[in-house]
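**Q** Numbering (our numbering), first residue to last: 446 to 602. The C-beta atom is built at its ideal place from N, Cα and C for all residues, glycine as well. Okay, handing you the structure first.
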């Protein structure tokens, strides 16, 4: 048994350890008021699951669920069910999120479609270049491949 392997058991016997000591041996530290990356991801994962559960729900302009949605209504509803609040419109939601690059995007991030500086559509990133969204009048909530490069990504915090 190496000294590093003994450190956790020594810390248990001593009853206390500094955060640096725990981190040095590969442990995790819980800091009050600071969410772990897994805990921070939980609302995004939940929102993605909620959006997927609405597959086939009809589009209706201005609708926020639970049976009909427009694009920002679906994201608003999904994140509300996950315990997060968002503004009503796609542009408002963009302004409230932490903007991330396409290389940093993760499932559960919001995908904002834009023309110039104007945001006109939003969906929830599902991974593999696809989003859950409420596309347009006459359509239904569905999973679809992102069809343009004119998108920005935002993370709900």
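Excluding five sequence neighbours on each side, which residues of the same chain lie with their C-beta closer than 7 Å to the C-beta of residue 582?
**A** What you label residue 582 is simply residue 137 of the chain shown in a count that begins at 1. Answer for residue 582: 504, 506, listed in chain order.
**Q** Tell me the start and end of each unbroken alpha helix (DSSP H) in the segment 495 to 565 that is at least 4 residues and wholly inside, in chain order.
**A** As far as the segment 495 to 565 is concerned, its whole alpha helix (DSSP H) runs of at least 4 residues are 516 to 526, 535 to 541.
**Q** Quick one: is residue 590 near chain C, going by C-beta distance under 8 Å?
**A** Protein chain content of the structure displayed is limited to a single chain, and chain C is not contained in it.
**Q** Using C-beta distances below 6 Å, list every residue in its chain close to residue 574, excluding the 5 sequence neighbours before and after it, in chain order.
**A** Reading the chain shown from its first residue, position 129 is the one you call residue 574. The residues are 590, 591.
**Q** Within this structure, are the beta carbons of residue 521 and residue 533 separated by less than 8 Å?
**A** Counted from its first residue, the chain shown places residue 521 at position 76. Counted from its first residue, the chain shown places residue 533 at position 88. Taking 8 Å as the Cβ cut-off, residue 521 and residue 533 qualify as a contacting pair.
**Q** Residue 601 and residue 524 look like a contact to me (Cβ under 8 Å); what is the Cβ gap, rounded to whole Å?
**A** The count along the chain shown starts at 1 and reaches residue 601 at position 156. The count along the chain shown starts at 1 and reaches residue 524 at position 79. A Cβ-Cβ separation of about 6 Å places residue 601 in contact with residue 524 under the 8 Å criterion.
**Q** Under the three-state reduction of DSSP, which class applies to residue 573: helix, strand or coil?
**A** By one-based count along the chain shown, residue 573 stands at place 128. DSSP places residue 573 in coil when its eight states are reduced to three.
**Q** When the distance is taken between beta carbons, is residue 492 closer than 8 Å to residue 569?
**A** Position 124 of the chain shown holds residue 569. Position 47 of the chain shown holds residue 492. Against a cut-off of 8 Å, the Cβ pair of residue 492 and residue 569 comes out as a contact.
**Q** Using 8 Å as the threshold, is the C-beta distance between residue 539 and residue 577 below it?
**A** Residue 539 sits at position 94 when you count from the first residue of the chain shown. Residue 577 sits at position 132 when you count from the first residue of the chain shown. The answer is no: Cβ separation not under 8 Å.
**Q** Taking residue 556 as the reference, give the member of 502, 594, 495 with the closest Cα.
**A** Working through the chain shown from its first residue, we reach residue 556 at position 111. Of the candidates 502, 594, 495, the one whose C-alpha sits nearest the C-alpha of residue 556 is 594.
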